[in-house]
Amino acid sequence: MLTAVDEKNCLINLLETLPASRSKQYFCPFCHSEVVFKNGSIKLPHFAHKQLKTCTLGNENESEQHLMLKKELYEWLKETESVEIEHYLPELRQTPDLLINGKVALEIQCSPLSLKRLHERTMNYRLHGFKVVWLMGRDLWLGNRLTELKKQLLCYSENHGFHYWELDLTKRVLRLQSLIHEDLRGRLFYVTHSFLFKEKPLLDCLRTPFVQQELLKMAVYPDNQLQHFIHKQLFHKSPKWLHLQSLYYQKGKNILDLDFMRPYIAPPGLNLLVPFMDNLTGSSFEQLSKIPVSYYQNFLDVFQKKKIEILYPPRFYAIMKKQK
Ligand SMILES: [Zn+2]
């Protein structure tokens, strides 16, 4: 961690001042047990608990990547906003990595966390009126498959559809992955916007999905080998595809009949469930207050199977629907 308190309970932020004396005692601002100041050659100067006890609030074992990203974003934010690092919020019993203007919590997530923990933290922020934005380190970059954890970290807006934030320390870039779609094989497609650190205020970057802008577009090509792919999956008894096959049978449909399988690409949460649209209950996206059912419906109404299909954000489909 980058903060501690001294004997007089004065907060020390290592990004602002390095402690003058090594002989002084320092304490964890959260659990008040003793911490030591570490100023080695590998990691950024930081504090670590003297005894490895379970302090759930001070983040132990933060990687170099996590410490460095906290430092970079702190310095970026400081140019334009009021920002606090590792600020303990007693009513939530949580410590966001960075707190902007007392209301926006930034969580830099560099390692996997349990879905239960993600749910608790997300709900806790929401219940107490904070906005939380999750920015993902290298191990959690979106890549070409949507794991359950990544699905629960997806954000949504009318202008960018499903989107996802990534931090790249090496390139010093904040990436916004937008217009996320998944094909029937489970491969991901999206468009990327990159913001260099300090290129413009960080809050402006984070507002990108919500401000008025030119319509995003993404071209995709039909998957001509899909039927062959599904055949193979069923032949090799892939549990996922056998399960889907039985679901389709219950609906009186054959999974190999591609007419029911259209569209071949769709927003996350929709694509294999098209025949079950009447049964999409409960929220299955942690960062969204509800499933975007009207986006799904508008998308299905407008989507056509062409040689090249252009995909758009939810705003486009809503406009098209109104014009019909
Ligand atoms: Zn502690």
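Per the working numbering, the very first residue in the sequence shown carries number 339; after that it's consecutive. Note that CB positions come from ideal geometry on N, CA and C, so glycine has one too. Because the structure is a prediction, the values reported are computed rather than measured.
Give the DSSP bridge partners of residue i, in chain order.
i      : result
Gly499 : Ser495
Lys317 : Residue 317 is absent from the structure shown; the chain starts at 339 and stops at 662.
His531 : Leu514
Tyr364 : Val373
Leu437 : Glu422, Ala443
With DSSP as the reference, label residue i as helix, strand or coil.
i      : result
Ala604 : strand
Ile663 : Since the first residue shown for the chain is 339 and the last is 662, residue 663 is missing from the structure and cannot be characterised.
Glu520 : strand
Asn347 : coil
Leu512 : strand
Met339 : coil
Phe573 : helix
Leu507 : coil
His425 : coil
Ser621 : With a pLDDT of only 48 at Ser621, under 50, the local geometry of the prediction cannot be trusted, and the value read off the model is given with reservation. If DSSP states are grouped into helix, strand and coil, Ser621 belongs with coil.
Gln490 : helix
Val549 : coil
Gln432 : strand
Gln447 : strand
Ala656 : helix
Glu402 : helix
Phe385 : strand
Please classify residue i as buried or exposed, where buried requires at least 16 other C-beta atoms within 10 Å of its C-beta.
i      : result
Pro651 : buried
Lys643 : exposed
Asp477 : exposed
Gly620 : With a pLDDT of 46 at Gly620, under the threshold of 50, the predicted position of this residue should be treated as unreliable, and no value is reported.
Phe548 : exposed
Leu407 : buried
Leu517 : buried
Ile646 : exposed
Lys489 : buried
His384 : buried
Within this structure, are the beta carbons of residue i and residue j separated by less than 7 Å?
i      : j      : result
Trp472 : Leu484 : no
Asn482 : Arg525 : yes
Leu553 : Phe654 : yes
Ligand 2 and residue i: does any heavy atom of the ligand fall closer than 6 Å to the residue's C-beta?
i      : result
Phe385 : Among the ligands present in this structure, namely ligand 1, ligand 2 is not found.
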